[in-house]
Structures are given as structure tokens and as C-alpha cells.
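S.K.: Residue numbers (our numbering): 2 to 271.
Using N, Cα and C, we set each Cβ at its ideal position, and we do this for glycine too.
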């Protein structure tokens, strides 16, 4: 049976990569390619919606898919646990599935898992993430996901030590972890998680050099999982065994759409 896929944001950088993977994969057919301003009626008839739009539009895409009883795979940045809480009741009530993937790169997923596994052993943890200058939302979805996993891993030992966080130059705290975002030419995507303790530090670095090559394996895994998913599923690590045990980030209570921390709901583009 062929899975009919509608891609929202299919002409963007990530959407283009996802579209190439789908068109090369047996058992899938791209039946609609929507822009951020397209009519959501174009989703009708799809078996799966893939969202690679913008943070400002993404929440409407998810709602439109779920209201039509269609599973949705979300690759758009901007989805912290707090923002996911806004749509979780709708997903659960509909009996459909919403799969949120902060990063399709297997290396990035492994890097975040390693940071979470090490987190209980280091009192001070900070994240530095860099993306090309055209990415205007910050912090990145990957950094938010990493911070949430770190906080979950430290549930028994408490939040990280982050002195002087009242100063703007100390970054934005997500789940107690300071995140520093760089937007500059000459980089695709890079994340450093710096864990520090008495007399030592550990730095976990992941670089994305070629998105099309790096994301393709993860996109294929996520597509297959999203077809059959039920409820809210977060992270590519939900579908692969990387040999590192991490505690899942705890769901957040719903908040007002404009009050979401980390990746705010009101950003205008990606």
C-alpha cells in the first residue's frame, strides 16, 4: 500500500531534503506540496502530513492534520515540551499520532543522549549552538530537546548550577540549562554541550556538514514510525536503540500559546 504524503514547507531547505527522501523511497508518494500560506484543505486525502514549515505556522499545521484524522510528522523547529502540551490533548482525543523530531541526524541524537547520560555527574552544564545566519529562531529545537533531556536525567540531583543567569549575556535558560545561540555564515549546524565539575570538564560536539546526507537515514526511520504512531512521540531516539539509557523528558502542563518558553510560539520564520 502506498502512503500518500502532504508536505508543508516542501520548498524550504529541510522540506526539500524530506521530499527527495520520500520520492526515492518505495511505498510513498508525495501528493501535495504546501507553502506556509497554502490552504489546509490541500491536506485532504493524505495518509501522512509532514510539517517542515515555520515555527509560527507549525502549530496550525499540526492542528489541521489532527482535526482531519491524519498522522503528522513534525520536523519544524520551535517545539519545546511546553508548546507540545498545547496540542497533546487534541492528539490524544483524536486517536491519531504526532511525531516531533527536533533533529533527523543520528549523530545529533546520539550526542544529546550522551549529554543526558553524563548530566547527573556534572553540576554545571551549558549548551552553545550555532546555525547559519538565515535561521532566525533561537535557541534551536535540538538545543531545547537536549536541555530537556538533561533536566530529566538530573531529576534526582536537581537543576544545573548556572550562576548570574539574570544577566542577558548568560544565555537563555531552558529547563535550568543556559543555551547560547550563534547565527553566522560558514556553518550549517553545530552544538556543543559543556559539562563541568570540580577539576574537569567534558565537551560533547556534533557538527552537521551535509544536511541531505546526514538527515536521510533519520527521515526514513521517522517516516515509517509516523505512519503507525499513536499519541505524541518526541525524538528520533524513540525509534532506535543507541545503547544509551536516558530518562524521557516529563510532559509539561499546557500554557497559553504566547507564553511558551525556550522556542516561543510567536516567532515568525525559520
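So for residue 190, helix, strand or coil by DSSP?
M.R.: Strand, per DSSP.
S.K.: Below 8 Å between beta carbons: does that hold for residue 56 and residue 236?
M.R.: No. Outside cutoff.
S.K.: Once you ignore the five residues that flank residue 197 on each side, which residues in its own chain have a CB closer than 7 Å to its CB?
M.R.: Excluding sequence neighbours, residue 197 sits near 123 and 125.
S.K.: To the nearest angstrom, report how far apart residue 60 and residue 66 are at their CA atoms.
M.R.: Looking at the two C-alpha atoms, the distance is approximately 10 Å.
S.K.: Per DSSP, residue 173 forms a beta bridge with which residues?
M.R.: Per DSSP, 180.
S.K.: Across which residues does DSSP place residue 125 in a beta bridge pair?
M.R.: 197, per the DSSP bridge assignment.
S.K.: Can you give me the C-alpha to C-alpha distance between residue 175 and residue 130, rounded to a whole angstrom?
M.R.: Cα to Cα, the separation comes out at about 13 Å.
S.K.: Let's test the definition: count the other Cβ atoms within 10 Å of the Cβ of residue 13 and tell me whether it reaches 16, buried, or not, exposed.
M.R.: Residue 13 is buried by the Cβ-count criterion.
S.K.: Around the C-beta of residue 154, are 16 or more other C-beta atoms found within 10 angstroms, so that it is buried, or is it exposed?
M.R.: Residue 154 comes out buried.
S.K.: Within 10 angstroms of its Cβ, does residue 183 collect 16 or more other Cβ (buried), or is it exposed?
M.R.: The residue in question, residue 183, is exposed, as its Cβ has fewer than 16 Cβ neighbours within 10 Å.
S.K.: Where does residue 16 sit, in a helix, a strand or coil, going by DSSP?
M.R.: Looking at residue 16 - three-state DSSP - the assignment turns out to be helix.
S.K.: Would you decide whether residue 42 is buried or exposed? Buried here means 16 or more other CB atoms lie within 10 Å of its CB.
M.R.: It counts as exposed.
S.K.: Under 7 Å from any heavy atom of the ligand GTP, does the C-beta of residue 47 make it?
M.R.: The ligand GTP is not among the ligands present in this structure, which contains no ligands whatsoever.
S.K.: Output the distance between the C-alpha atoms of residue 17 and residue 204, rounded to the nearest integer angstrom.
M.R.: Roughly 32 Å between the two C-alpha positions.
S.K.: Can you tell me the Cβ-Cβ gap for residue 223 and residue 74, rounded? I've got them flagged as a contact below 8 Å.
M.R.: About 6 Å separates the two Cβ atoms, so the contact holds.
S.K.: Could you give the residue range of the alpha helix (DSSP H) that holds residue 63?
M.R.: Its alpha helix (DSSP H) spans residues 56–68.
S.K.: Could I get the ranges of all uninterrupted alpha helix (DSSP H) runs contained in the stretch 29–117, with 4 residues as the minimum, in chain order?
M.R.: For the stretch 29–117, whole alpha helix (DSSP H) runs of length 4 or above, ordered along the chain, are 56–68 and 82–95.
S.K.: Go ahead and pull the three-state DSSP assignment for residue 135.
M.R.: In the structure shown, residue 135 sits in coil (DSSP, three-state: anything other than H, G, I, E or B).
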